[in-house]
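Reviewing the structure listed below.
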Amino acid sequence: MLHNADELDLIGTVKADGQTLRVLPIQQVGELKGQHQPICLVAYSIPPERMQRLQFAPETLGSLADMLAERGIDLFTDLRRRFSDWLDQGEQALWPLLSRFAIIVEMPIIAPDGSQQNGSDLRAFITDRPAGKIAVALGIALPQEHSDEGSQVGYLKAVREQPEDTEAIRTIPAQSAEVHYEFDRLLATQLSSRDNVDAREVVMVGAGAIGSHVAECLGREGRFSWTIMDDDRLLPHNIARHTGRDADVTRGKADLVAELVSEVIHESPPIARSLAANVMDCDDSRDKIDQALERAELIIDATASVVAARYLSDHSSTARRASVFFNPSGEAAVLIAESADRSLTLRDLEAQYFGFVAREDRLAGHLSDGEGTYAYTGACRAITNLIPESRVMALSGLVAGGLGTAVDHDEGIIRIWSMSQYGAVDICESQPAQVERFRAGDWTVSVDQGLIERIQALRHHHLPEETGGVLTGVVDIPAKHIHVVDAAPAPADSARSTTGFVRGTSGVQEYLGRISEQTLGQVRYIGEWHSHPPHAPTHPSATDLAQIDWFAALFDMDDLPALMLIAGEHDVRLVFANLEGEVIGQ
Numbered sequence: 001m002l003h004n005a006d007e008l009d010l011i012g013t014v015k016a017d018g019q020t021l022r023v024l025p026i027q028q029v030g031e032l033k034g035q036h037q038p039i040c041l042v043a044y045s046i047p048p049e050r051m052q053r054l055q056f057a058p059e060t061l062g063s064l065a066d067m068l069a070e071r072g073i074d075l076f077t078d079l080r081r082r083f084s085d086w087l088d089q090g091e092q093a094l095w096p097l098l099s100r101f102a103i104i105v106e107m108p109i110i111a112p113d114g115s116q117q118n119g120s121d122l123r124a125f126i127t128d129r130p131a132g133k134i135a136v137a138l139g140i141a142l143p144q145e146h147s148d149e150g151s152q153v154g155y156l157k158a159v160r161e162q163p164e165d166t167e168a169i170r171t172i173p174a175q176s177a178e179v180h181y182e183f184d185r186l187l188a189t190q191l192s193s194r195d196n197v198d199a200r201e202v203v204m205v206g207a208g209a210i211g212s213h214v215a216e217c218l219g220r221e222g223r224f225s226w227t228i229m230d231d232d233r234l235l236p237h238n239i240a241r242h243t244g245r246d247a248d249v250t251r252g253k254a255d256l257v258a259e260l261v262s263e264v265i266h267e268s269p270p271i272a273r274s275l276a277a278n279v280m281d282c283d284d285s286r287d288k289i290d291q292a293l294e295r296a297e298l299i300i301d302a303t304a305s306v307v308a309a310r311y312l313s314d315h316s317s318t319a320r321r322a323s324v325f326f327n328p329s330g331e332a333a334v335l336i337a338e339s340a341d342r343s344l345t346l347r348d349l350e351a352q353y354f355g356f357v358a359r360e361d362r363l364a365g366h367l368s369d370g371e372g373t374y375a376y377t378g379a380c381r382a383i384t385n386l387i388p389e390s391r392v393m394a395l396s397g398l399v400a401g402g403l404g405t406a407v408d409h410d411e412g413i414i415r416i417w418s419m420s421q422y423g424a425v426d427i428c429e430s431q432p433a434q435v436e437r438f439r440a441g442d443w444t445v446s447v448d449q450g451l452i453e454r455i456q457a458l459r460h461h462h463l464p465e466e467t468g469g470v471l472t473g474v475v476d477i478p479a480k481h482i483h484v485v486d487a488a489p490a491p492a493d494s495a496r497s498t499t500g501f502v503r504g505t506s507g508v509q510e511y512l513g514r515i516s517e518q519t520l521g522q523v524r525y526i527g528e529w530h531s532h533p534p535h536a537p538t539h540p541s542a543t544d545l546a547q548i549d550w551f552a553a554l555f556d557m558d559d560l561p562a563l564m565l566i567a568g569e570h571d572v573r574l575v576f577a578n579l580e581g582e583v584i585g586q
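Take 1 as the starting number for the sequence shown in full-length UniProt numbering and just add one per residue.
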């Protein structure tokens, strides 16, 4: 805005201390009040080669003109040209001619030794009179004495240039002031140590504890053009770990968070808007929800709802997805982000996250409840966990930083930050694995490459004998989707040979119970796996077919397809009872 400031209608707001003037375009001010002053600015830049260190700041237009003349700028000649142009415009130049006049000088920063430093210094010189009066002192304008003289500006351009009133023009006070740029998206980007402005269209679904804090962090970094979506309202207990305040109680969270984010960045139109709706609603807001999701370049799930995350994963929008949430105890935060090409979806990564939790010893207890809950109404389900805001803020900051970095790259991510009571942070990260998908009737079954590699390692370890064990996975019955997440090694009482394998039962129930407990019931038993010996195909044997028929009767009670995985020398095969399985790609 600096070098086209004389083309803008500006308003200066005098702060209570009388020493601070905030200047904004009139469109951003709203109702004009007594502390508002119309401002007219012109700006000059001193070339680096002409810059000298200032000994004293100019205090009048005369001393300012002298200082600029030493640096190659003829102030009064330039002002005559500018003011003459405004006078020619007549009433179109009403604002600059009648506004308080100020000059901004951009000066290279010079070190005490005379060397030039990075950046520049902005200095304002603010007069106490309008540009029209200065034009009169310069001899190019005449004050309008009668209202019928043909102009509503109050000044007429002199037909013949009058002698300059040197004393009057040189003694006009010019109060020196420091200049600071507004905190806009560009400045936020620079202060966040990034080179490129990031104004991507983002929809954040969920404006609760983690959503409000992550939006606040990324908003302060100048990131994104936001749509905040939530149908919930701020209640008193929410204030303990939300960016809202007591005065905001009963306000819609979407409206509140969008307003708070917009108030951080000085930009018009605001960087955030709201949509008070449940993303899964089928009411009158459905069209607006779909339009927002289809318009987005990134969708952030901050609902802490598995159902909502899966719904967003399946939506037709082409936007990349990410999910952020706290674990139940509030001692850890999780970031899951799809790959940029969406070859790995939020569904795939959610299943891999649960599998990671089940396998990783450092995550034992990750999904267990915290130390207590608080009932905030008399309703039996109206409870909330006890999590301090200091932890919410710290973990949200880690998630926000991780999310910003993740969406600047193409790879997917699964990352968990766990915080001790003393503030130490342990990071657990699982490399997302590509997924192969199979169709079995109405069901889709997904197997990730990481699991296939683990199964092949188990097979290789027990060669030349066959081996096997139980399969566990994430099941979504309404969506008819199974994601195989892990394969257990053979129980100790299993019968193994070079020509066959019979799985034992020792420790199996305990293993399945532990997996279910560690994943809040999200990972369950879904079938069996076994290996075939070297040089043998992965086609099911007669024994395999008999076993799969037994599976079919067992799983039919849950309306699930019976699933068997056979690992061979070069590949694995999924076998479904009474269903034809076909590969449908990655």
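All C-beta atoms, glycine included, are put in the ideal place defined by N, C-alpha and C.
The model shown is predicted, which means the values in this text are computed figures rather than measured ones.
Assignment of beta-bridge partners to R129 by DSSP yields no partner.
A542 sits away from A562, with the two beta carbons spaced by 7 Å or more. For V357, the enclosing alpha helix (DSSP H) starts and ends at L346 to R359.
Within the same chain, M229, L275, A277, V279 and D281 come within 8 Å of I289 by CB-CB distance, once the 5 residues on both sides are set aside.
Membership of F76 in the alpha helix (DSSP H) is indicated by the continuous run L75 to Q89. CA-to-CA, the gap between Q162 and A135 works out to about 11 Å.
Nearest Cα to L234 within the set W226, D248 and G222: D248. Rounded to the nearest whole angstrom, the C-alpha separation of A292 and F326 is 25 Å. Here S506 is exposed, its C-beta having fewer than 16 other C-beta atoms within 10 Å. Contact annotation, I11 with I26: C-beta distance approximately 5 Å; criterion of less than 8 Å satisfied.
Fewer than three Cβ pairs drawn from the region 480–498 and the region 327–336 lie within less than 8 Å of each other, which leaves the two stretches out of contact.
Taking a C-beta distance under 7 Å as the contact criterion, R320 and L346 do not qualify as a contact pair.
Annotation: the UniProt domain "JAB" (450–549) contains the following complete segments of the alpha helix (DSSP H) (minimum length 4 residues), in chain order: 508–518. Put simply, of L560, V261 and G90 the residue whose alpha carbon is nearest the alpha carbon of A215 is V261. When C-beta atoms of the region 452–462 are compared with those of the region 410–419, fewer than three pairs fall below 8 Å, so the two segments do not count as touching. Distance from the Cα of R81 is smallest, within the candidate group G139, D348 and L463, for G139.
Judged by their CB atoms, L298 and V205 are not nearer to each other than the 7 Å cut-off. If you draw a straight line from the Cα of I73 to the Cα of V42, it is about 13 Å long. In this model, Q28 and G473 are separated by some 55 Å (Cα to Cα).
Here L41 is bridged, per DSSP, to A102. Selection D165, E510, S531 and P432 evaluated against Q456 yields S531 as nearest (Cα-Cα). Contact between the region 173–181 and the region 197–212 is not established, with fewer than three Cβ pairs separated by less than 8 Å. Shortest Cα-Cα distance from L458 to any of D314, I566 and Q352 involves I566. For G401, the secondary structure class from DSSP, reduced to helix, strand or coil, is helix. If the five residues before and after T538 are omitted, its C-beta is found closer than 7 Å to the C-beta atoms of H532, I566, G568, D571, V572 and R573, all from its own chain and listed in chain order. Assignment of G244 by DSSP, reduced to helix, strand and coil, places it in the coil class.
Taking each of L21, Y155 and G208 in turn and checking the Cα distance to M393, the smallest one comes out for G208. Under DSSP, the beta-bridge partners assigned to T60 are P173. With contacts defined as CB atoms closer than 7 Å, A400 and C217 qualify as a contacting pair. Taking C-beta atoms under 8 Å as the contact rule, A358 and I526 fail to qualify, at a distance of about 13 Å. Here G441 is not bridged, per DSSP, to any residue. Looking at E528, F76 and Y353, the one whose alpha-carbon comes closest to that of E429 is Y353. A distance below 8 Å between beta-carbons, with the five flanking residues on each side excluded, links A57 to the following residues of its chain, in chain order: R123 and S176. The bridge partners DSSP lists for P25 are L10.
The beta carbon of G504 lies closer than 6 Å to those of P491, D493 and S494 in the same chain, with the five residues before and after it left out. Per DSSP, the continuous alpha helix (DSSP H) segment holding K253 begins and ends at K253 to V264.
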